[in-house]
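Asks: Dropping the structure in here first, questions after.
2 protein chains.
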Amino acid sequence: MLIGAIDIGGTKTMLGIINSDGIILSKIQFPTDTTDFNLLILFACEQLKKCVLDLGYEMKEMVGIGVSLPGMVDRERKLLVRSVYSGWQDFAVSEIIQKITGIQNVIIDNDVNACAIGEMYFGYKKTYRNYLWVTVSTGVGGALVCDGKLIRGASGCSGEIGHMKVEYEKPLPCPCGELGCLEAHGSGTAIKHYLEQEIAKSSDFANIFNRKGLTVDAAGCAVLAKENNRIAKSIYNKAACYLGRGLGYGINLINPEVVIMGGGVSSSLNIMHDVIMDTIAITVNKALLPVEVVHTKMGYNAAFLGAASLVLDNFNQ
Amino acid sequence: MLIGAIDIGGTKTMLGIINSDGIILSKIQFPTDTTDFNLLILFACEQLKKCVLDLGYEMKEMVGIGVSLPGMVDRERKLLVRSVYSGWQDFAVSEIIQKITGIQNVIIDNDVNACAIGEMYFGYKKTYRNYLWVTVSTGVGGALVCDGKLIRGASGCSGEIGHMKVEYEKPLPCPCGELGCLEAHGSGTAIKHYLEQEIAKSSDFANIFNRKGLTVDAAGCAVLAKENNRIAKSIYNKAACYLGRGLGYGINLINPEVVIMGGGVSSSLNIMHDVIMDTIAITVNKALLPVEVVHTKMGYNAAFLGAASLVLDNFNQ
Chain H
1 MLIGAIDIGG
11 TKTMLGIINS
21 DGIILSKIQF
31 PTDTTDFNLL
41 ILFACEQLKK
51 CVLDLGYEMK
61 EMVGIGVSLP
71 GMVDRERKLL
81 VRSVYSGWQD
91 FAVSEIIQKI
101 TGIQNVIIDN
111 DVNACAIGEM
121 YFGYKKTYRN
131 YLWVTVSTGV
141 GGALVCDGKL
151 IRGASGCSGE
161 IGHMKVEYEK
171 PLPCPCGELG
181 CLEAHGSGTA
191 IKHYLEQEIA
201 KSSDFANIFN
211 RKGLTVDAAG
221 CAVLAKENNR
231 IAKSIYNKAA
241 CYLGRGLGYG
251 INLINPEVVI
261 MGGGVSSSLN
271 IMHDVIMDTI
281 AITVNKALLP
291 VEVVHTKMGY
301 NAAFLGAASL
311 VLDNFNQ
Chain V
1 MLIGAIDIGG
11 TKTMLGIINS
21 DGIILSKIQF
31 PTDTTDFNLL
41 ILFACEQLKK
51 CVLDLGYEMK
61 EMVGIGVSLP
71 GMVDRERKLL
81 VRSVYSGWQD
91 FAVSEIIQKI
101 TGIQNVIIDN
111 DVNACAIGEM
121 YFGYKKTYRN
131 YLWVTVSTGV
141 GGALVCDGKL
151 IRGASGCSGE
161 IGHMKVEYEK
171 PLPCPCGELG
181 CLEAHGSGTA
191 IKHYLEQEIA
201 KSSDFANIFN
211 RKGLTVDAAG
221 CAVLAKENNR
231 IAKSIYNKAA
241 CYLGRGLGYG
251 INLINPEVVI
261 MGGGVSSSLN
271 IMHDVIMDTI
281 AITVNKALLP
291 VEVVHTKMGY
301 NAAFLGAASL
311 VLDNFNQ
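Order-wise, the sequence lines are chains H and V.
If you're matching positions, the first sequence starts at 1 in this note's numbering and goes up one per residue.
If you're matching positions, the second sequence starts at 1 in this note's numbering and goes up one per residue.
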């Protein structure tokens, strides 16, 4: 069974062909050009066709195309409603792809929902039936799986863990317009912000980045934290404490077996793990513990595999 | 259809007979004696039998007995696992009731879960399919209904909204052993605590309670708040702000259509409503708003009607 997968992210787009066992038969990646959404989709569909033909198949052999999108998706109206970072709004994604590819079975969803569904098909599979899937990257997003089913909410917007308040006394501004959100305190952007503050305070610390040729962002900070740099570690500890608070809310509410983390910053989960677990221990009702926080089994391909899983999941509805 | 309902609360027990339309045919209430759980159940079953006979029916005409319990319930093993306030632990409630009454169909559940299920059958019925049911009383409890189904969680402990942290800077101790929980800051107990602090500070304020013969608790404070007493209002505003924070977490996470509130303190929802809504407005992602906070349609009988609804809900599983 051939499944087309398109994962449109805020910065990169990944697309290709996956079979029903989650084996990636073909994969292409390119930077997301946010200037013209229609053009982006046209290019993505052409690349997808190329993948199919290069594998020696025909388009009609593909059972469907799954698309994960970086924003709010209206599944019924098959629309990308809003994508904050790229400025996209009200795009009939399914219809456009159907027209270009001739494939009628096009399933779209929000990227974190796709990841959470993907975990059931290609990640931890049947290991867990109740989990919180959290992506920690530029922002922080979440999705809830309860009793093996994704919880969508009244308007398809559940899992807004990134906008739960984790700081009331000294709240930082969030792109959503509010203050003190987890996204403002525990995301990759927040880590970069803490890092810039520390660099401004200490020229010694700033020089390490120059000397080692590290980028001034979460990834660069992670390199130093892993080398036990005190300041870099304190930055990750701060973010981890806020992540623990946010995850704590989610655990108290849905009583999951596990929290599964994906996204760029989750590759540094090992640096943050102890502080996250310590914070969970004091913010979650004892009856709900222990709950582990683990890295997604889909790694870097989470949203890409997630996109493909949408097609399989739709067959099972 | 006759349904037996037993609602065992931490302070009062309510039992009686309800028909499938939610009409209360018979109701008895007495204080809960927490010293001997078996004796309490025996007494409750005898009273239930009396209700049936007084109505001119026989026990065998009852289709089942629903029991709501003030603590953690293991539905599969049919146990009351733990009840913090009364100290009960590991009681095979269903089995005991089956033996005493001869009725085999005995369904037990946690009281807040029972309320949330009851709302579907006897309260707002089909008006809402996605809601957060919150009880604000001595403590604060919660239950989640998503897409018309109660979310139970991995170990049946979901909805622990009372133990979400709402205060990190000046956290108050919670009976759970942790600090800063919603239960410690936004419950009836918390309101009583704030009230005692204010009474200790101002003899003028203390005298009002003596003069008016008001009890020094949430109910007494509500009387004064409704009369626009500045201190009493500030106490309710404080609790309402914390309740808004807690509800905000729940709304961000499950994207409900509505929050339904029950429990003793919810009868003062109108005093707290504005502050709760203002807090929700700044703590919830805009995409999920508006969400109303309403009082349960089952009023004082919520857990009692909820107990009966367990029997109906079990038929529909």
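Virtual Cβ for every residue (Gly too), placed ideally from N, Cα, C.
Bear in mind the structure is a predicted one, so any value in this text is a computation, not a measurement.
Using the C-alpha atoms, what's the distance from G248 (chain H) back to C146 (chain H)?
Replies: By 1-based counting over the first sequence, the position of residue 146 (chain H) is 146. By 1-based counting over the first sequence, the position of residue 248 (chain H) is 248. Just so you know, the alpha carbons of C146 (chain H) and G248 (chain H) end up roughly 16 Å apart.
Asks: Taking any Cβ of chain V, which residues in the segment 95 to 110 of chain H have a Cβ under 8 Å from it, in chain order?
Replies: none
Asks: Is the beta carbon of G16 (chain H) sitting closer than 8 Å to the one on C51 (chain H)?
Replies: Sequence index remark: in the first sequence, residue 16 (chain H) carries index 16 (1-based). Sequence index remark: in the first sequence, residue 51 (chain H) carries index 51 (1-based). The answer is yes: Cβ separation under 8 Å.
Asks: So, for M164 (chain V): in the same chain, excluding its five sequence neighbours on each side, which residues have a beta-carbon less than 6 Å away from its beta-carbon?
Replies: Counting from 1 along the second sequence, the entry for residue 164 (chain V) is found at position 164. Hits under 6 Å: L182, G246, Y249.
Asks: Just list the residues that DSSP pairs F30 (chain V) with in beta bridges.
Replies: Numbered from 1 along the second sequence, position 30 holds the residue referred to as residue 30 (chain V). DSSP output for F30 (chain V) lists V:T13 as bridge partner(s).
Asks: Evaluate contact between the segment 256 to 274 of chain V and the segment 151 to 165 of chain V, counting only Cβ atoms and requiring at least three cross-stretch pairs below 8 Å.
Replies: No, the segment 256 to 274 of chain V does not touch the segment 151 to 165 of chain V.
Asks: Check whether the Cβ of M261 (chain V) lies closer than 8 Å to any Cβ atom in chain H.
Replies: Counting from one through the second sequence, the residue named residue 261 (chain V) turns up at place 261. For M261 (chain V), no Cβ of chain H is located within less than 8 Å of the residue's own Cβ.
Asks: Which class does Q89 (chain H) belong to by DSSP, given the choice of helix, strand or coil?
Replies: Translated into positions along the first sequence, residue 89 (chain H) becomes position 89. Of the three classes helix, strand and coil, the one that applies to Q89 (chain H) here is strand, per DSSP.
Asks: Along the segment 228 to 258 of chain H, where does the CB come closer than 8 Å to a CB of chain V? Name the residues.
Replies: R245, G248, Y249, G250, N252, L253, I254, N255, P256, E257
Asks: Taking A239 (chain V) and N255 (chain H) to be in contact with their CB atoms under 8 Å, please state how far apart those CB atoms are, rounded to whole angstroms.
Replies: Here residue 239 (chain V) is taken as the residue at index 239 of the second sequence, counted from 1. Here residue 255 (chain H) is taken as the residue at index 255 of the first sequence, counted from 1. The pair is not a contact, with the Cβ atoms about 26 Å apart (cut-off 8 Å).
Asks: Here's a check: name, in chain order, each residue in its chain whose Cβ is nearer than 7 Å to the Cβ of C45 (chain V), leaving out the five neighbours to either side.
Replies: On the second sequence, residue 45 (chain V) is found 45 positions in, with the first residue counted as 1. Closer than 7 Å at the Cβ level, and outside the excluded window around C45 (chain V), lie I97, I100, T101.
Asks: Quick one: does Y57 (chain H) have its CB under 8 Å from some CB of chain V?
Replies: Position 57 of the first sequence, counted from the first residue, corresponds to residue 57 (chain H). Judged by the 8 Å Cβ criterion, Y57 (chain H) is not in contact with chain V.
Asks: Counting along the chain, where does the alpha helix (DSSP H) carrying H185 (chain H) start and finish?
Replies: Counted from its first residue, the first sequence places residue 185 (chain H) at position 185. From DSSP, the alpha helix (DSSP H) with H185 (chain H) extends over 182 to 186.
Asks: Closer than 7 Å by beta-carbon distance: list the chain H residues that pair up with A287 (chain V), in chain order.
Replies: In the second sequence, the residue the question calls residue 287 (chain V) occupies position 287. What A287 (chain V) touches in chain H: M72, C157.
Asks: Listed in chain order, which residues of the segment 139 to 168 of chain V have Cβ atoms closer than 9 Å to some Cβ of chain H?
Replies: G142, L144, C146, D147, K149, I151, R152, G153, A154, S155, G156, C157, S158, G159, E160, I161, G162, H163, M164, K165, V166, E167, Y168
Asks: Using a Cβ-Cβ distance cut-off of 8 Å, determine whether T283 (chain H) contacts chain V.
Replies: Sequence index remark: in the first sequence, residue 283 (chain H) carries index 283 (1-based). It does: the Cβ of T283 (chain H) has a partner Cβ on chain V nearer than 8 Å.
Asks: Out of H:Q317, H:N316, H:S309, point me to the one whose CA is closest to I18 (chain H)'s CA.
Replies: Stepping through the first sequence from its first residue, residue 18 (chain H) is reached at position 18. Nearest C-alpha to I18 (chain H): H:S309.
Asks: Short of 7 Å in beta carbon distance, which residues of its chain neighbour F205 (chain H), apart from the five on each side in sequence? Order them along the chain.
Replies: Along the first sequence, read from residue 1 onward, the residue named residue 205 (chain H) stands at position 205. Cβ neighbours of F205 (chain H) beyond the five flanking positions: E198, I199, I231.
Asks: Just checking: is the beta-carbon of N368 (chain V) within a distance shorter than 8 Å of some beta-carbon in chain H?
Replies: Since the first residue of chain V shown is 1 and the last is 317, residue 368 (chain V) is not available in this structure.
Asks: Could you name the residues that DSSP lists as bridge partners for P173 (chain H)?
Replies: As a first step, residue 173 (chain H) is located in the first sequence; it is residue number 173 there, counting from the start. In the DSSP output, where bridge partners are listed per residue, P173 (chain H) has H:L179.
Asks: Have a look at the DSSP bridge pairing and note the partners of V258 (chain V).
Replies: In the second sequence, residue 258 (chain V) corresponds to position 258, counting from 1. In the DSSP output, where bridge partners are listed per residue, V258 (chain V) has V:Y131, V:E292.
Asks: Quick one: is E292 (chain V) near chain H, going by C-beta distance under 8 Å?
Replies: The residue you call residue 292 (chain V) lines up with position 292 of the second sequence. Not an interface residue.
Asks: If we call anything under 8 Å between Cβ atoms a contact, is I6 (chain H) one with I103 (chain H)?
Replies: Residue 6 (chain H) sits at position 6 when you count from the first residue of the first sequence. Residue 103 (chain H) sits at position 103 when you count from the first residue of the first sequence. Not a contact, by the Cβ cut-off of 8 Å.
Asks: Answer with buried or exposed for S234 (chain V), where buried requires no fewer than 16 other C-beta atoms within 10 angstroms of its C-beta.
Replies: For the purposes of this step, residue 234 (chain V) is taken as residue 234 along the second sequence, with counting starting at 1. Label assigned to S234 (chain V): exposed.
Asks: Can you check whether the CB of P70 (chain H) is closer than 8 Å to the CB of D111 (chain H)?
Replies: Numbered from its first residue, the first sequence carries residue 111 (chain H) at position 111. Numbered from its first residue, the first sequence carries residue 70 (chain H) at position 70. In contact: D111 (chain H) and P70 (chain H) (Cβ atoms closer than 8 Å).
Asks: Could you name each continuous alpha helix (DSSP H) segment of 4 residues or more that falls completely within the segment 32 to 117 of chain H, going from the start of the chain to the end?
Replies: Complete alpha helix (DSSP H) runs here, min 4: 37 to 54, 93 to 101.
Asks: What's the call for D109 (chain V), buried or exposed, on a 16-neighbour Cβ count within 10 Å?
Replies: Counting from one through the second sequence, the residue named residue 109 (chain V) turns up at place 109. The residue in question, D109 (chain V), is buried, as its Cβ has 16 or more Cβ neighbours within 10 Å.
Asks: Just checking my contact of V275 (chain H) with N237 (chain H) at CB under 8 Å: how many whole Å lie between their CB atoms?
Replies: If you number the first sequence from 1, residue 275 (chain H) lands on position 275. If you number the first sequence from 1, residue 237 (chain H) lands on position 237. Contact holds; Cβ gap of about 5 Å.
Asks: T251 (chain V) and V259 (chain V): beta carbons closer than 8 Å?
Replies: Position 251 of the second sequence, counted from the start, is the residue given in the question as residue 251 (chain V). Position 259 of the second sequence, counted from the start, is the residue given in the question as residue 259 (chain V). Residue 251 (chain V) is actually Ile in this sequence, not Thr. Less than 8 Å divides the Cβ of I251 (chain V) from the Cβ of V259 (chain V).
Asks: Relative to the C-alpha of G106 (chain H), which residue among H:S83, H:G123, H:K60, H:N130 is closest?
Replies: Sequence index remark: in the first sequence, residue 106 (chain H) carries index 106 (1-based). First, the amino acid is wrong: residue 106 (chain H) is Val here, not Gly. It is H:K60.
Asks: Using a Cβ cut-off of 8 Å, pull out every chain H residue sitting near C176 (chain V), in sequence order please.
Replies: As a working note, residue 176 (chain V) is residue 176 in the second sequence. Neighbours of C176 (chain V) on chain H, chain order: N285, K286.
Asks: Note down the Cα distance separating G123 (chain V) from L289 (chain V), rounded to an integer number of angstroms.
Replies: For the purposes of this step, residue 123 (chain V) is identified with residue 123 of the second sequence, where counting begins at 1. For the purposes of this step, residue 289 (chain V) is identified with residue 289 of the second sequence, where counting begins at 1. Answer to the nearest angstrom: the Cα atoms are 23 Å apart.
Asks: Look at the alpha carbon of L48 (chain H) and the alpha carbon of L179 (chain V), and state the distance between them as a whole number of angstroms.
Replies: Residue 48 (chain H) sits at position 48 when you count from the first residue of the first sequence. Residue 179 (chain V) sits at position 179 when you count from the first residue of the second sequence. About 53 Å.
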